[in-house]
Amino acid sequence: MGSEAGFEYHWRMSMGDADKMDPKIISKVKAHEANPNVASKFKPGYRIFVFEFKTDFTLAMKPFGPNTFMDSESFYAIVFELANPALERFLLNAQAFERLRDYWMTQDEIFRLVDEAIDFARQNASGREVQWASLVVVGLEVRTAQQEGESNEAVMDRVIRAQYLVPMSYLPFTYSTVECAPKIYNISYDFIRDIHKKVDKIDGMCGICSRNMSVSIVASKLPRCGHTFIPVAFACGWRAATGARLARLPCSLTI
């Protein structure tokens, strides 16, 4: 169960084929391995762990009702075996934390998922003499569950979908196969990201897409004027108006 009633998380892990990874991810792995500042911290005979988080967003109408698939996305994290094993968990957490928070997972839930993923990798990954890297597939289901007395409209409004979240390519520490376009525009002033815990703390609707603010939405507020909006709507509106992507998205800051 998530930090808010009505959100549930289920995950399982399996080993994949690293040779079938997207070439973009393979090149990032090799670039890190060749970086002397990083390589100096490797454990002798180190293994390479590549974590692929494959997220399915589902909806369960009525308690204990059947699940309906709503959306999906995937992202990667790269971890090398280090001389200090504790840093491996830190590195995986640093890369996955921001996106998992967008799923409304609590810090404790994220830490538990990270711990299980690292432990699974250590127990099941092959040595470098067998395979150049080990791919750990983390299958994650993010389920929005209708609560007793909750209307169909209300649960549909708060359901989590990838299209409502920050585009993956803008997350600073997360690896995605979707690349950003050249940085043409840069927004230099800071934004404040507000993760609202209760619906009654959210006022109005997004001034860009007119979608009502609800508990599952990541909302950003401009500090100068106080206007609140959904970041992905801001990004889409900017691209539509200028034909370019943003160099910096308003919710790229951590909480």
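Sequential numbering from 2 applies to the sequence shown in our numbering. For each residue, glycine too, the CB sits at the ideal point set by N, CA and C. From a predicted model like this one, the values you see are computed outputs, not experimental measurements.
Check                                                                                                  : Outcome
Of the residues G128, N36 and F91, the one placed nearest G46, counting alpha carbons only             : G128
First and last residue of the uninterrupted alpha helix (DSSP H) at D109                               : Q108 to N125
V131, DSSP secondary structure in three states                                                         : coil
DSSP state of A61 mapped onto helix, strand, coil                                                      : strand
Own chain residues within Cβ distance below 7 Å of F1, not counting five before or after               : The chain is shown from 2 up to 256; residue 1 falls before or after that span and cannot be answered.
Residues sharing a beta bridge with G17, DSSP                                                          : L136
Burial state of R159, where buried means 16 or more other Cβ atoms lie within 10 Å                     : buried
Assigned secondary structure, S75 (DSSP; H/G/I helix, E/B strand, else coil)                           : strand
Residues near L166 by beta carbon distance below 6 Å, same chain, minus five either side               : D103
Segment limits, alpha helix (DSSP H) that includes M157                                                : N153 to R159
L166, enclosing alpha helix (DSSP H) - first and last residue                                          : It is not in any alpha helix (DSSP H) - L166 carries neither H nor E in the DSSP assignment.
N85 (DSSP reduced to helix, strand or coil)                                                            : coil
Integer-rounded CB distance, given that F52 should sit under 8 Å from V139                             : 6 Å
Closest Cα partner of E74 within the set S152, Y171 and L141                                           : L141
Beta-ladder partner(s) of E53, from DSSP                                                               : Y77 and V138
CA-to-CA distance, A155 to F50, given in whole angstroms                                               : 40 Å
Cβ pair A146, A61 closer than 8 Å                                                                      : yes
Through-space distance from K29 to I79, alpha-carbon basis                                             : 9 Å
Alpha carbon of T59 to alpha carbon of E149, nearest angstrom                                          : 18 Å
Residue-level contact to chain C via CB, D120, 8 Å cutoff                                              : Here there is only one protein chain, and chain C is not present.
Buried versus exposed call for S41 [16 or more other C-beta atoms within 10 Å across all chains shown] : exposed
Exposure label - F91; buried when at least 16 CB within 10 Å                                           : exposed
A134 and D72 closer than 8 Å at C-beta                                                                 : no
For I27, the nearest candidate out of E151, A122 and L136 (CA to CA)                                   : L136
Three-state secondary structure assigned by DSSP to E9                                                 : strand
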